[in-house]
Every structure is written in structure tokens, then in C-alpha cells.
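In my numbering, the protein residues as written are 640 to 1048.
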């Protein structure tokens, strides 16, 4: 949150930050050790070397927990789908049995850690060996899958996914859901009769079958294309929610109940509350919008009727991790993005200068969805690899510049 002066008003808008550069070369920060493998995993790690390397960078050791929900875990999950998808080309199976799933998940973690990734990704991303199996889906054989699903329709909908439009039009998502429902019921006739009224007990089965569909898609696309499609799909879910955990709002209720007479006290309490949120995770601009709406509704339920966001000059950036000496909030782009590694260090695109006020929810507000929003939020900050440092919208922020910030958290 921007620092407050003595009466609870923000100081002037922060100046663009010039990021510190990490030492170069990055040999102390990249761990290209030899992974210790089980020798019992049938996945082709050589064929997936490029996406494994990308995942290791996206899940770089120190920052994986803070980039988990937006960058690291979606990339990790996409990597697993691609590896199993390509495994199906040779075996005809779109899932591993639980025994081999244990070996493979351990080996993938070994590969990632050997290239600098966090060693606890299974817990950070809540991925378990069962996620590599078919779950409760009744179909895992490629031939059976292809006999049940309209393959041309599925590929036509999903071979190219528009990261901007898909979350609203849901062309690929609908095709995936239709295919997943069809193989979950495993009967074309019952599918046509029941797709409009899926029984609750089938929902977990359909969820498992979505993974089967995603792996089949991955097996029919080039690895880089498959990863892009999978990331675009997961990104729709990422931006629908607020990943932050809100503490109790008791102190805000106490100090902001009569904001006209207690503005300074109210804003100081709000600043303290928001500072706890800023220690949790980087968020996208759309996630920040969801978080602002969620917190606002909680405060309204606590009988805070005045717009304390406006009163205390809280912006969307205040809901994300603060970086740099001026502690300006870093909003990640709402489109899929990756961490990059080059001669200057490990970096990611970060929007520091788009000062959008946090909108206070109203009774007429139906949704904070990007498909129905009344606030203009950029999908992707304008910094490019040719623009080191910053521009008026964003810059590539080297992660090493943040270490001093997180050491204090």
C-alpha cells in the first residue's frame, strides 16, 4: 500500500522504479546439478526438456510460493499434462498407474530442482501422484477415447486458443467439457440424454476426465503449442478468483465505523490490514479486482457503509506484493506470462505504474469478471525485452531485486 501521511492521505504517485540488476552470470543462482532419478518412470524427459527448463525458471526456488497461483503452478500442471500426453503416443494410455505416478512425480521434481526450481512444488501446487492417474474417469485408453469423442470438433476448438477471448467465449472450454462429460458417461446415448442434467455424483468423474481430454490434446500438439493452450485455459480459472486469505476485519470495523470523525485512525488500520495481504502473493490485475470486491463485501457485511477504499486511497496495486524501496505494488499481467532468465538475471513482467483505484462494490454490481467490467485494466504491461529498466506502464523486474524485500516479510 502507498505510504500514508499523518491524516491518512497517500503521498504523491510513486515515481517509476529503476530495478536493481542481479549479478551476472547467474551461476550462484542456477543449480544445474545431476538429478537423482528412480529409473522407474516411463515418461520421456528428453523430449520434454524445453518445457521442463521453462517450468524450472517459472518455479524458481525462492519465489515459487509468491508466483505459485499465477505462473508457477499453471506451468507445472501444463508440463505434467504434456509429458503424459506424449507418453500416450507410445503406450496408448492417457494416464499412469499409481505406482508409476509416484516414481514420475518424484523424478519430475528432481529434474526441476536440479535446474533451480523450488524443491517443495508438490506441496506448493497441491499436486499428488493421483493427479497423474485417470482418477475416477472410466476412460484412459487412447483408442477408446477416440471412439467416443468428436476429435475434429475438439481439435478445431482447441488447437489455437485466444488468451483474451477464450475466457469469455469459452469455445475450447466448452469442447473440453463436452468431451469430458461424454467419456465420463462412457455412452453416447446416455450422454445425449443426460448432458443437461449431470448428476452430482458424476462431477468428480467429469473433473478427472477433463485431465484425460487435456492430455489427449497435448499429445496432438507440439509441446510449446500445447503448453500455450493449457496455460491459456488455466488462466481463465486463475483470474476468476482472489488467491489471498483475508484475516478478521474486527479492527477495521472498530476504527472505520464512523469514518467521518476517525479518518486518520481508519486509514491507519486499513494500511495495517492491507500490509498483511501484501505478504502473501503476487496477483494479476484481474485477481486484484476480485480481491478488492471480496474484501469490500466483507467490510459491508461488517456494517462499514462508506467507501473506505476511496477514503484511504487504496488502489488495486495495494493487493499485491510490494517491491522496491518505494514499496509500489507489483501487478502481474492477466494474460499468461513466464519468468525469464537472461544475462541480467531472472525477471518477470511487472506493472507498477497503473494506479487504478480499488472499486468499492455496489449493490448493483453483478460480477467482477473481465467479460463484464466497468473498469479498464490492461491485460499485459507494455514492457518488452528491449526495454530494460522501466517505461511508463511496466518493467521487467529482476527477482534478485526483491530478495531484500522478502527477507523482511
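Idealized CB from N, CA, C, for every residue including glycine.
Test item: CB-CB of residue i and residue j under 9 Å
i	j	result
residue 816	residue 787	no
residue 708	residue 922	yes
residue 677	residue 745	yes
residue 877	residue 800	no
residue 967	residue 995	no
residue 721	residue 886	no
residue 698	residue 680	no
residue 985	residue 696	yes
residue 726	residue 683	yes
residue 957	residue 932	no
residue 951	residue 910	yes
residue 844	residue 823	yes
residue 947	residue 706	no
residue 752	residue 674	yes
residue 797	residue 851	no
residue 920	residue 883	yes
residue 734	residue 866	no
residue 972	residue 990	yes
residue 754	residue 692	yes
residue 917	residue 864	no
residue 802	residue 871	yes
residue 819	residue 789	no
residue 853	residue 935	no
residue 856	residue 793	yes
Cβ-based burial, residue i [other Cβ within 10 Å; buried from 16]
i	result
residue 782	exposed
residue 982	exposed
residue 728	exposed
residue 927	buried
residue 785	exposed
residue 762	exposed
residue 739	buried
residue 804	exposed
residue 770	buried
residue 685	exposed
residue 924	buried
residue 687	buried
residue 795	exposed
residue 813	exposed
residue 757	buried
residue 627	With the chain covering only 640 through 1048, there is no way to say anything about residue 627.
residue 880	exposed
residue 1010	exposed
residue 608	Residue coverage of the chain in this structure runs from 640 to 1048, which leaves residue 608 outside it and unanswerable.
residue 779	buried
residue 873	buried
residue 929	buried
residue 821	buried
Element boundaries [beta strand (DSSP E), containing residue i]
i	result
residue 987	984–989
residue 979	979–981
Range of the contiguous alpha helix (DSSP H) that encloses residue i
i	result
residue 697	688–697
residue 709	Careful: residue 709 lies outside any alpha helix (DSSP H) and carries neither H nor E.
residue 903	902–916
residue 999	Per DSSP, residue 999 belongs to no alpha helix (DSSP H) and is neither H nor E.
residue 931	924–940
residue 851	842–858
residue 673	Neither: residue 673 is in no alpha helix (DSSP H) and is coded neither H nor E.
residue 949	947–950
Residue-level contact to chain B via CB, residue i, 9 Å cutoff
i	result
residue 756	The question asks about chain B, but that chain is absent: this structure has only one protein chain.
Worksheet item: Can you give, in chain order, each stretch of the alpha helix (DSSP H) that sits fully within the segment 753–810 and has at least 4 residues?
Response: 760–763, 781–787, 790–797, 805–808
Worksheet item: Are at least three pairs of beta-carbons, each pair with one atom in the segment 935–942 and one in the segment 887–897, less than 8 Å apart?
Response: yes
Item to complete: Enumerate, from N- to C-terminal direction, the unbroken alpha helix (DSSP H) stretches of 4 or more residues contained entirely within the segment 868–895.
Response: 889–895
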